[in-house]
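Read top to bottom, the protein sequences are chains A and B.
Its first residue numbered -2, the first sequence is counted upward by one per residue in the working numbering.
Its first residue numbered -7, the second sequence is counted upward by one per residue in the working numbering.
Beta carbons: idealized from backbone N, C-alpha and C, even for Gly.
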Amino acid sequence: DAGVIQSPRHEVTEMGQEVTLRCKPISGHDYLFWYRQTMMRGLELLIYFNNNVPIDDSGMPEDRFSAKMPNASFSTLKIQPSEPRDSAVYFCASRKFYGYTFGSGTRLTVV
Amino acid sequence: SQQGEEDPQALSIQEGENATMNCSYKTSINNLQWYRQNSGRGLVHLILIRSNEREKHSGRLRVTLDTSKKSSSLLITASRAADTASYFCATFMDTGRRALTFGSGTRLQVQP
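Take a look at the structure:
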């Protein structure tokens, strides 16, 4: 199994641009999570899905953030418009039972 | 908000020594998990301990859980340079949000 696959690994964009982060979870995992990691705030849960349905999006910071999971093998996290304070590492994780499997993350820099 | 707070924030030891990291949390939990993160990488699941368990072992790892004190500890015995990483505890609560809440992490440096 290739694990959780995220793309791109690095993204540098200008303030105001739209950014789309992508995630392919492990096949058979029915939960998918998006986390954001910064030095100041640590790991924050943004949103999670169960069987492709968003369950809790209370961690999504603003309306500028949106996430979708159109099928069991793909999810996107979109930021529009992006701002410098969105700079962070964004992780996708999936699980079937208890232990999470994380992707390698997308390092987003908004200048 | 972070459920877990870890102590110490940073730890530097010599290869062969034991490393102990502590985690405190605030609410009732179903289980507590420990993860490792190497620099620039994603988190890797190490071990899970359920709320009705007090101690668990996995290789060189030993985890304890004290639900009365709302605390856990991770012991790495006979540390190696390859154990250099950040270690996070994460809690899964009995009710409400069905997702892990991560602590602030301990950065472990093992000197060869």
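For the beta strand (DSSP E) that contains residue i, what are its first and last residues?
{"i": "A:Gly39", "result": "Gly39 to Asn47"}
{"i": "B:Asp(-1)", "result": "Glu(-3) to Asp(-1)"}
{"i": "B:Lys48", "result": "Glu47 to Ser50"}
{"i": "A:Lys21", "result": "Val16 to Lys21"}
{"i": "B:Leu123", "result": "Any answer about residue 123 of chain B is impossible in this case: the structure gives chain B only from -7 up to 104."}
{"i": "B:Gln25", "result": "Ile21 to Gln29"}
{"i": "B:Leu57", "result": "Leu53 to Asp58"}
{"i": "A:Gln77", "result": "No beta strand (DSSP E) contains A:Gln77, which DSSP labels as neither H nor E."}
{"i": "A:Glu110", "result": "The requested residue 110 of chain A is not part of the displayed model; chain A covers only -2 to 108."}
{"i": "A:Thr106", "result": "Thr103 to Val107"}
If we define contact as Cβ-Cβ less than 9 Å, is residue i a contact residue for chain A?
{"i": "B:Val36", "result": "yes"}
{"i": "B:Gly51", "result": "no"}
{"i": "B:Leu66", "result": "no"}
{"i": "B:Arg54", "result": "no"}
{"i": "B:Met85", "result": "no"}
{"i": "B:Gly97", "result": "yes"}
{"i": "B:Arg46", "result": "no"}
How about residue i: is its C-beta nearer than 9 Å to some C-beta of chain B?
{"i": "A:Phe88", "result": "yes"}
{"i": "A:Ile76", "result": "no"}
{"i": "A:Ile121", "result": "No answer is possible for residue 121 of chain A: it lies beyond the span of chain A, which begins at -2 and ends at 108."}
{"i": "A:Asp54", "result": "no"}
{"i": "A:Ser84", "result": "no"}
{"i": "A:Phe62", "result": "no"}
Mind listing the chain D neighbours of residue i? Cutoff is C-beta to C-beta under 9 Å, in chain order.
{"i": "A:Leu42", "result": "Although the question refers to chain D, the structure presented lacks it and instead comprises the protein chains A and B."}
Would you mind working out which of the options sits nearest residue i, comparing C-alpha positions?
{"i": "A:Ile52", "options": "A:Glu15, A:Leu18, A:Pro22 and A:Tyr28", "result": "A:Tyr28"}
{"i": "B:Cys81", "options": "B:Ile39, B:Ala2 and B:Gln6", "result": "B:Ile39"}
{"i": "A:Ser70", "options": "A:Lys21, A:Pro58 and A:Ala(-1)", "result": "A:Lys21"}
{"i": "B:Asn44", "options": "B:Gly51, B:Arg89 and B:Ile21", "result": "B:Ile21"}
{"i": "B:Gln139", "options": "B:Gly97, B:Trp26 and B:Gln101", "result": "Missing from the structure shown is residue 139 of chain B; chain B here goes from -7 to 104 and no further."}
{"i": "B:Gln(-2)", "options": "B:Asn14, B:Ala74 and B:Glu9", "result": "Gln is not the amino acid found at residue -2 of chain B; the sequence shown has Glu there. Ranking the options by Cα distance to B:Glu(-2), first place goes to B:Asn14."}
{"i": "A:Arg19", "options": "A:Ser72, A:Asn68, A:Gly96 and A:Phe99", "result": "A:Ser72"}
Quick one: what does DSSP say residue i is sitting in, helix, strand or coil?
{"i": "A:Ala69", "result": "coil"}
{"i": "A:Arg82", "result": "helix"}
{"i": "A:Asp54", "result": "coil"}
{"i": "B:Phe84", "result": "strand"}
{"i": "A:Ala64", "result": "strand"}
{"i": "B:Ala77", "result": "strand"}
{"i": "B:Leu92", "result": "coil"}
For residue i and residue j, what's the separation of their Cα atoms in angstroms?
{"i": "A:Arg92", "j": "B:Val36", "result": "12 Å"}
{"i": "B:Arg99", "j": "A:Gly39", "result": "13 Å"}
{"i": "B:Thr69", "j": "B:Leu92", "result": "26 Å"}
{"i": "B:Arg28", "j": "A:Trp31", "result": "18 Å"}
{"i": "B:Ser106", "j": "B:Leu66", "result": "Residue 106 of chain B cannot be examined here, being either before or after the span of chain B that is shown, -7 to 104."}
{"i": "B:Ser64", "j": "A:Gln14", "result": "43 Å"}
{"i": "A:Val50", "j": "A:Met66", "result": "7 Å"}
{"i": "B:Glu47", "j": "A:Ser55", "result": "33 Å"}
{"i": "A:Ser45", "j": "B:Arg54", "result": "Per the sequence shown, residue 45 of chain A should be read as Tyr rather than Ser. Near 30 Å, if we compare the C-alpha coordinates of B:Arg54 and A:Tyr45."}
{"i": "A:Arg104", "j": "A:Ser84", "result": "8 Å"}
{"i": "B:Thr59", "j": "A:Leu42", "result": "24 Å"}
{"i": "B:Leu24", "j": "A:Gln77", "result": "35 Å"}
{"i": "A:Asn47", "j": "A:Ala64", "result": "13 Å"}
{"i": "B:Lys18", "j": "B:Phe84", "result": "12 Å"}
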